[in-house]
Amino acid sequence: MKKLNNPKDKLNFADFRYQAITTLAKDWKSPFTGILHKKGAVVEYTAFAKFTKNQKLSFPIPNMTALLLNLSNKLYNESKREISNLQSRTTNQKSSFFVPDVTAFFDLLEKRIASVVFAYTSLEVFANEHMPSKYTYKKQRVDNKCEEVYSKEQIERWVDLDEKLTVILPQILNVQNPKNSKLWSKYKVLKHLRNSLIHIKSIDLLSISPTDRSIWNKIAVKKLDNFALIAKEIIALYLDNVTDKPRWFTKLPF
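Dropping the structure here:
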């Protein structure tokens with residue numbers, strides 16, 4: 046692997062999932078280590094975690110939205126390849142067939158389930174991290190008797206993602222409410238599918254025909270959407286007016 050000595054090269058080739066990585070504008074001496082870091086040196090936000098009882102682990106802090114989006118996309122593409130393998134092994138079956146490799150098919154289902162859930166969760170994380178720490182949200186109570194005021198922490202916990210995406214983020218990021226767009230209908234499909242997976246009912250697991258309401262008729266279909274791409278499109282709407290877009294978003298590899 047080519048050694049990268051130029052700080053700009055290091056920034057360009059560093060993993061896209063960094064939460065923050067930049068270079069020093071001037072010399073800086075760490076108050077913790079006493080080490081002098083020269084102007085232009087690459088710096089990153091670092092986390093410390095408990096690795097074992099006697100060891101601590103330090104690592105660059107990743108952006109959680111980037112992690113979830115990337116994972117969702119990878120799992121979807123892996124399941125797509127397995128769907129292609131399944132199709133190629135059943136080309137002579139005209140109407141119905143039993144899966145030739147049960148283990149591989151179960152792996153496929155796991156990846157599709159996880160891909161859907163992670164795509165939706167990436168939107169939740171994105172919405173929460175783009176609310177300023179001091180932001181407050183005011184809304185009329187359902188009975189119209191008073192106005193409710195929510196702090197950022199309360200919004201994260203108690204306000205539905207739909208409301209964050211259609212009211213709160215448009216206010217903060219100065220974009221139009223996406224509720225009437227075609228992309229919003231795709232988001233509703235993602236939300237419905239995610240909720241079906243997270244809040245599974247007994248009837249959802251039964252399947253006696255290709256037309257019933259079971260979860261299998263939703264995730265085993267050959268042409269399931271790649272919801273990581275849809276989540277990325279939705280995020281792009283909110284970053285439209287942001288001049289300095291997040292590095293992870295501009296370098297997302299899909």
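Each number in the working numbering corresponds to the 1-based position in the sequence shown with 45 added. Ideal Cβ positions, reconstructed from N, Cα and C, are used throughout, including at glycine.
The region 114-124 and the region 215-232 do not touch, with fewer than three beta-carbon pairs separated by less than 8 Å. One thing to note: residue 170 has its Cβ no nearer than 8 Å to the Cβ of residue 239. Counting along the chain, residue 185 sits inside the beta strand (DSSP E) bounded by residues 181-185.
Under the three-state reduction of DSSP, residue 87 is assigned to strand. Rounded to the nearest whole angstrom, the CA to CA distance from residue 150 to residue 127 is 8 Å.
Residue burial annotation: residue 203 is exposed, with fewer than 16 other C-beta atoms found within 10 angstroms of its C-beta. Between residue 247 and the set 254, 168, 259, the nearest pair of CA atoms involves 259. For residue 72, same chain residues with a beta-carbon under 8 Å away, outside a window of 5 residues either side, are 81, 82, 83, 84 in chain order.
Taken through DSSP and simplified to helix, strand or coil, residue 178 comes out as coil. When C-alpha distances from residue 207 are compared across 223, 290, 108, 265, the shortest belongs to 223. Per DSSP, residue 61 lies in no beta strand (DSSP E) and is assigned neither H nor E.
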